[in-house]
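Q: Sharing a structure with you now.
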Amino acid sequence: MRFETDAIHAGHRPDKAYGAISVPIYQSSTFAFEDIGKTSGFEYSRMGNPTRRVLEETIAKLEGGKAGFACASGLAAESVIIHLLNAGDHVIAVEDIYGGTFRLFHDVMTRFGLEFTFIKMDTKEAIESAIKPNTRMIWLETPSNPLLHIVDLEMAAKAAKKHGLISVMDNTFSSPYFLRPLEFGIDIVMHSTTKYLNGHSDVVGGAIVTNTDALTERVAFLHNALGAIAGPFDSWLVLRGIETLPIRMKQHEINATAVARFLKTHPAVSRVFYPGLEDHPGHELAAKQMKGFGGMVSFEMRGGLEAVNNFLRKVKVFTMAESLGGMTSLAGHPATQSHASMSREQREKIGINESLVRLSVGLENVDDLLEDLAQALA
Numbered sequence: 488m489r490f491e492t493d494a495i496h497a498g499h500r501p502d503k504a505y506g507a508i509s510v511p512i513y514q515s516s517t518f519a520f521e522d523i524g525k526t527s528g529f530e531y532s533r534m535g536n537p538t539r540r541v542l543e544e545t546i547a548k549l550e551g552g553k554a555g556f557a558c559a560s561g562l563a564a565e566s567v568i569i570h571l572l573n574a575g576d577h578v579i580a581v582e583d584i585y586g587g588t589f590r591l592f593h594d595v596m597t598r599f600g601l602e603f604t605f606i607k608m609d610t611k612e613a614i615e616s617a618i619k620p621n622t623r624m625i626w627l628e629t630p631s632n633p634l635l636h637i638v639d640l641e642m643a644a645k646a647a648k649k650h651g652l653i654s655v656m657d658n659t660f661s662s663p664y665f666l667r668p669l670e671f672g673i674d675i676v677m678h679s680t681t682k683y684l685n686g687h688s689d690v691v692g693g694a695i696v697t698n699t700d701a702l703t704e705r706v707a708f709l710h711n712a713l714g715a716i717a718g719p720f721d722s723w724l725v726l727r728g729i730e731t732l733p734i735r736m737k738q739h740e741i742n743a744t745a746v747a748r749f750l751k752t753h754p755a756v757s758r759v760f761y762p763g764l765e766d767h768p769g770h771e772l773a774a775k776q777m778k779g780f781g782g783m784v785s786f787e788m789r790g791g792l793e794a795v796n797n798f799l800r801k802v803k804v805f806t807m808a809e810s811l812g813g814m815t816s817l818a819g820h821p822a823t824q825s826h827a828s829m830s831r832e833q834r835e836k837i838g839i840n841e842s843l844v845r846l847s848v849g850l851e852n853v854d855d856l857l858e859d860l861a862q863a864l865a
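When we follow the numbering used here, the leftmost residue of the sequence shown carries the number 488, and every step to the right adds one.
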């Protein structure tokens, strides 16, 4: 089936019990045994739940993977993946990584003996030079959060396989509609399903998709052992969102492209980050490995923090808020929101300065979005 059809029909649908077209919410913690050691397929909802199973099968199908695992949040998914490693292991990660991921790695997992190196993964040489004898994993984002850098996934996957490393890709920004990392040789894909997969800003969730039987077995054990699972109602909310994912992603891109082109010509804006712009350093690579450029746009303002603050106070259609990927357009300040967990020195080193604004371009009428930006920038 094609993507749009799988988004609606993947998994155990219609429901086998009564033929429900909308996946039922099995809001139960436990299930009856038919006999000693014999179940109907489910026994305890941490270990498996019928509603969650449909979500997991759907996400795995959309990503083209072996198996899917629905988690309580994106960071819960990351916590499961990072527990594939042992004390003393080393991870290479993109430098302008999501701030929550950086906090998990830099401030939490280092206490348990893991090592991390954050680099700009723009060349094979950059990756190769960062690999050490104890390196076990490469962690990717493309487009990255918030600077929208593009990483060559095939290049990174080949480097990982050459050295026997696990490659992990956070595909939150693109969604599987625009990018399927497993097709480029990546081993594990993860999502914050809070964002585009849900698309309605009404749930917090995460997901993991594995590409091999061995990784599937290991992740399944950790998913259950750590209890990092999504509840039935949250799973249902994400499933409902996925059914309209293709339509939403198309419009997100249309609106984001118009916003990026508008910002590029505005005198109050000094720089725009959007891979759909022809002069973006990663434009050609993004066009090659993605089916679209997404709905995220970042830009730097002239006038520093005061100008940014004035802009964020004045927007009306855009809302100053955390998160992204919903129908509502959001404007954020990475230095004090999504990447506040990084020190100022770390942020400035990789280009996340106080003049940077990140936009999650929603599904409103594009003319209203452009007029709102114009009045707020005036």
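Cβ atoms here follow ideal geometry from the backbone N, Cα and C, with glycine treated the same way.
Let me know if glutamate 858 comes out buried or exposed under the rule of 16 or more other beta-carbons within 10 Å of its beta-carbon.
A: With fewer than 16 Cβ atoms within 10 Å of its Cβ, glutamate 858 is classed as exposed.
Q: Tell me, please, which residues DSSP counts as bridged to tryptophan 626.
A: Tryptophan 626 pairs with Ala580, Val655.
Q: Taking a contact to mean a Cβ-Cβ separation below 9 Å, would you say alanine 715 touches lysine 801 in this structure?
A: For alanine 715 and lysine 801, no; Cβs fall outside 9 Å.
Q: With distances taken Cα to Cα, identify the nearest neighbour of isoleucine 546 among Tyr683, Ile584, Ile653, Ser825.
A: The shortest Cα separation from isoleucine 546 among Tyr683, Ile584, Ile653, Ser825 belongs to Tyr683.
Q: Going straight from the alpha carbon of valine 690 to that of threonine 731, what length do you get?
A: Distance between the alpha carbons of valine 690 and threonine 731: 16 Å.
Q: Tell me the DSSP bridge mates of phenylalanine 786?
A: DSSP, once it has assigned bridges, lists Val759, Val844 as partnering phenylalanine 786.
Q: For threonine 604, report the span of its alpha helix (DSSP H) as first-last.
A: Unbroken run through threonine 604 is the beta strand (DSSP E), 602–606; no alpha helix (DSSP H).
Q: Spatial neighbours of threonine 815 within its chain, please: C-beta separation below 7 Å, excluding the five flanking residues on both sides.
A: Correct list, in chain order: Ser688, Thr806, Gly849.
Q: Considering just the uninterrupted stretch of the beta strand (DSSP E) at alanine 818, what are its terminal residues?
A: From DSSP, the beta strand (DSSP E) with alanine 818 extends over 817–819.
Q: Which term fits glutamine 776, buried or exposed, when burial requires 16 or more other beta carbons within 10 angstroms of its beta carbon?
A: Glutamine 776 comes out buried.
Q: Under three-state DSSP, which class holds glycine 456?
A: The first residue shown for the chain is 488 and the last is 865, placing residue 456 beyond what the model contains.
Q: Identify the residues that DSSP records as bridge partners of lysine 553: which are they?
A: BP columns for lysine 553 are empty, so no partner.
Q: Just to confirm the assignment, what range does the beta strand (DSSP E) spanning phenylalanine 520 have?
A: Phenylalanine 520 -> beta strand (DSSP E) spans 520–522.
Q: Can you check the region 734–778 for any beta strand (DSSP E) of at least 3 residues that lies completely inside it and give the ranges in chain order?
A: Complete beta strand (DSSP E) runs here, min 3: 756–760.
Q: Is the CB-CB distance between phenylalanine 592 and isoleucine 606 below 9 Å?
A: Contact: no.
Q: Using beta-carbon positions only, say whether glycine 781 and glutamate 740 come within less than 9 Å of one another.
A: It is a contact, given that the beta carbons lie within the stated cut-off.
Q: Can you tell me which of the three DSSP states valine 541 falls into?
A: DSSP places valine 541 in helix when its eight states are reduced to three.
Q: Comparing alpha-carbon positions, which option in Ser527, Glu543, Ser532, Tyr531 lies nearest leucine 724?
A: Closest by alpha carbon: Glu543.
Q: Alpha carbons only, please: which of Ile673, Leu860, Ser830, Ala774 is nearest the one belonging to glycine 551?
A: It is Ile673 whose Cα lies nearest to the Cα of glycine 551.
Q: For threonine 680 versus serine 810, is the C-beta distance shorter than 9 Å?
A: No. Outside cutoff.
Q: Within 10 angstroms of its Cβ, does valine 706 collect 16 or more other Cβ (buried), or is it exposed?
A: Classification for valine 706: buried.
Q: If you measure between the beta carbons of serine 532 and glycine 718, is that distance less than 9 Å?
A: Closer than 9 Å, so yes.
Q: Can you give me the C-alpha to C-alpha distance between glycine 575 and leucine 709, rounded to a whole angstrom?
A: So the two alpha carbons sit approximately 19 Å from each other.
Q: Excluding the 5 residues flanking glycine 728 on each side, which residues of the same chain have their C-beta closer than 7 Å to its C-beta?
A: So the qualifying residues of the chain are Leu684, Asn685, Gly686, His687.
Q: When the Cβ atoms of the region 640–649 are set against those of the region 605–621, are three or more pairs found closer than 8 Å?
A: As far as the Cβ criterion goes, the region 640–649 touches the region 605–621, which means the pair count is three or higher.
Q: Here's the rule I'm using: 16 or more other beta-carbon atoms within 10 Å means buried, otherwise exposed. How should lysine 548 be labelled?
A: Answer is buried; the Cβ neighbour count reaches 16.
Q: Is methionine 534 helix, strand or coil when you go by DSSP?
A: Three-state DSSP puts methionine 534 in coil, outside helix and strand.
Q: Compute the distance between the beta-carbons of alanine 773 and proline 630, then report whether it is under 9 Å.
A: Yes; because the gap between Cβ atoms is below 9 Å, this pair is in contact.
Q: Return the Cβ separation of proline 511 and proline 633 in integer angstroms, given the expectation that the two are a contact with Cβ distance under 8 Å.
A: That belief does not hold up - the Cβ atoms of proline 511 and proline 633 are roughly 38 Å apart, past 8 Å.
Q: Thinking C-beta only, is serine 842 closer than 9 Å to alanine 794?
A: Taking 9 Å as the Cβ cut-off, alanine 794 and serine 842 qualify as a contacting pair.
Q: My assumption, with CB atoms under 8 Å, is that methionine 783 sits in contact with phenylalanine 589. Please give the rounded CB distance.
A: Incorrect: roughly 18 Å between the Cβ atoms, too far for contact.
Q: If methionine 624 and leucine 666 are in contact, beta carbons under 8 Å, what's the gap, nearest whole angstrom?
A: Not quite, the Cβ-Cβ distance comes to about 20 Å (not below 8 Å), so this is no contact.
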